[in-house]
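First the structure, in the form of structure tokens, and then the observations on it.
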Amino acid sequence: MTLDGGLIAAENFTYSGKTQVVFRKFNADKTIGLSNWMKVDSSLIMYRVFQRTDSSYAGSGGYNNGAFLLFTQPSGLRGCSDRAVKVTLNTLSTSYSTTDTFAINYKWETSYMVDYSVTAIGVHPIHKKIGCDGTLQGCYTLHKGPLLCGNSTPVFGKVAVNSVTNCTDNEFFAVSKGTEIYNSYRDSLNGSFDADYLAMAIAGGQQEVFTVSYSTSEYHYTLSYYDQAGNLVKIIPPACVVIDRSTDWVNRVRAARAAGTTIVPPHSMATQFRYNTLILKVAQISPDGGITHFWYDRLGRLILSQDGNQLKENRYRYISYDKIGRINEIGELSSATLMNDFISRDTTLLFNWLAAASTSRKEIARTNYDNAYSSLSELQLTPGNL
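Shown next as structure tokens:
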């Protein structure tokens, strides 16, 4: 025991083949006051340690096959000292008698008795400063803080233990149910507001009347009609567009839409167009020209056309091309043989048809182009696919 009610102990252990000593002091509150490892250059073993009246510590044991007596400061072991240690040796003396007798048990033979002589020699203790020679650190602090076990303060803090009963979850269920009811009520209000707002906005057109008067500055309209492929199929000129802004016409249009029928203004003088699968115009119906037909060769080039007036006299408007596809002649000719798509798309039949009617050509307009470069003959530049 220590003076403050603690405990001082010495622990012997082996390090690098040598026995070493660790001093440990435990305070009265079970905390560690000090923990020092006394490391020396030889084997050291401690048998007893206690605290002196001046609060320093003393211990006895063995050192390198000899006796060992240790004195420390009140604060425990120190690695080094900044001043010389005053060495004071006191002579230890004892008395003995050479006539002392010893009790020896023997039997049978007296020849077993042997005389031994005891000679007294002088013993002088050696004062040694452990670890204070500047080269060997003799004292190591192993631990200053609390240990895992043996302290009054637990390593882990206290954990509150919750007692669970049949009513423990009542508050949780009440809050959850209330939150669910509140969210449902809030969502219903939001939905009701949106529905009421939309209904009011839609009904506003029936409750409000907005009247405005204005004068138009529109005079001429040209109506153009297109099919679903984007091709122009009909044109109404401005003079033949019928504009009706009367209330009666508006009511008739509404009634027709409600009945699923169609009602159109009485436009006139319409020009209509028809196309083939190559989106080439094959027919045109106009107020002044009647029905006009168009024919194309096998390359899709316009070669002949005939309107209603020309049909009466078997006359055709023709277009011819040179060998590289450029227009070189436009005119009119007559032929008793009617033109059709079969003849226009056959190269031989078309050539013979034009040759038979070549003498009837008139109103001819020809187009001439520059001559080919002399180093490149016409034969070399002749297109093979035309």
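Throughout the sequence shown, residue numbering follows my numbering, covering 1 to 386 in sequence. Each residue gets a CB set at the ideal place from its N, CA and C atoms; glycine is no exception. From a predicted model like this one, the values you see are computed outputs, not experimental measurements.
Just measuring C-alpha positions, the residue of 175, 47, 357 and 11 sitting nearest residue 37 is 11. Each residue's CA atom was taken as its position, placing residue 25 and residue 164 some 45 Å apart. Distances from the alpha-carbon of residue 75 to those of 254, 54, 63 and 67 put 54 closest. According to the DSSP assignment, residue 200 belongs to the alpha helix (DSSP H) that extends over 170-207. Residues of the same chain with a CB within less than 6 Å of the CB of residue 231, apart from the 5 flanking positions on each side, are 275 in chain order.
In the structure shown, residue 7 falls within a strand segment according to DSSP collapsed to helix, strand and coil. When rounded, the separation of the alpha-carbon atoms in residue 28 and residue 50 is 16 Å.
Apart from the 5 residues on each side of it in sequence, residue 360 sits with its Cβ closer than 8 Å to the Cβ of 333, 334 and 335 in its chain, given in chain order. Nearest to residue 347 by C-alpha distance, out of 299, 367 and 310, is 299. Across the set 327, 355 and 357, the C-alpha of 327 shows the shortest separation from the C-alpha of residue 367.
The DSSP-derived three-state label of residue 52 is coil.
Between residue 62 and residue 68, the C-beta gap is smaller than 7 Å, which places the two residues in contact. Here the alpha carbons of residue 238 and residue 245 stand approximately 17 Å from one another. Under a 10 Å Cβ-count criterion, residue 229 is classified as exposed, with fewer than 16 other Cβ atoms of the shown protein chains found around its own Cβ.
For residue 16, no alpha helix (DSSP H) segment is defined, and its DSSP state is neither H nor E. Within the same chain, Cβ atoms closer than 6 Å to the Cβ of residue 357 are found at 333 and 335, the five residues on either side in sequence being excluded. Counting C-beta atoms within 10 angstroms of its own C-beta, residue 15 has fewer than 16 neighbours from the protein chains shown and is therefore classed as exposed. Across the set 337, 344, 354 and 317, the C-alpha of 317 shows the shortest separation from the C-alpha of residue 363. Between residue 295 and residue 303, the gap from beta carbon to beta carbon is short of 7 Å. The beta carbon of residue 57 is closer than 6 Å to those of 51 and 72 in its chain, skipping five residues each way along the sequence. Going by C-alpha positions, residue 272 is about 14 Å away from residue 308. Check the Cα spacing between residue 263 and each of 270, 323 and 249: the tightest is with 249.
Under DSSP, residue 224 forms a beta bridge with 235. Secondary structure of residue 70 (DSSP, three-state): strand. Residue 367 sits in coil when the DSSP states are folded into three classes, being neither helix nor strand.
Annotation: the continuous beta strand (DSSP E) that includes residue 317 extends over 315-321.
Note: residue 58 is bridge-paired with 50 and 71 in the DSSP secondary-structure output.
One alpha carbon belongs to residue 365, the other to residue 312, and they sit about 23 Å apart. Note on geometry: alpha-carbon atoms of residue 279 and residue 234 lie some 15 Å from one another. Counting along the chain, residue 344 sits inside the alpha helix (DSSP H) bounded by residues 341-344.
Distance from residue 44 to residue 22 at the Cβ level is roughly 11 Å; contact not present, criterion being Cβ atoms closer than 8 Å.
By the criterion of a C-beta distance shorter than 6 Å, residue 287 is surrounded in its chain by 269, once the five residues flanking it on both sides are discounted. Residue environment for residue 306: buried (at least 16 other C-beta atoms within 10 angstroms of its C-beta). Boundaries of the beta strand (DSSP E) around residue 283: 281-286. When secondary structure is reduced to three states using DSSP, residue 326 falls in the coil class, being assigned neither helix nor strand.
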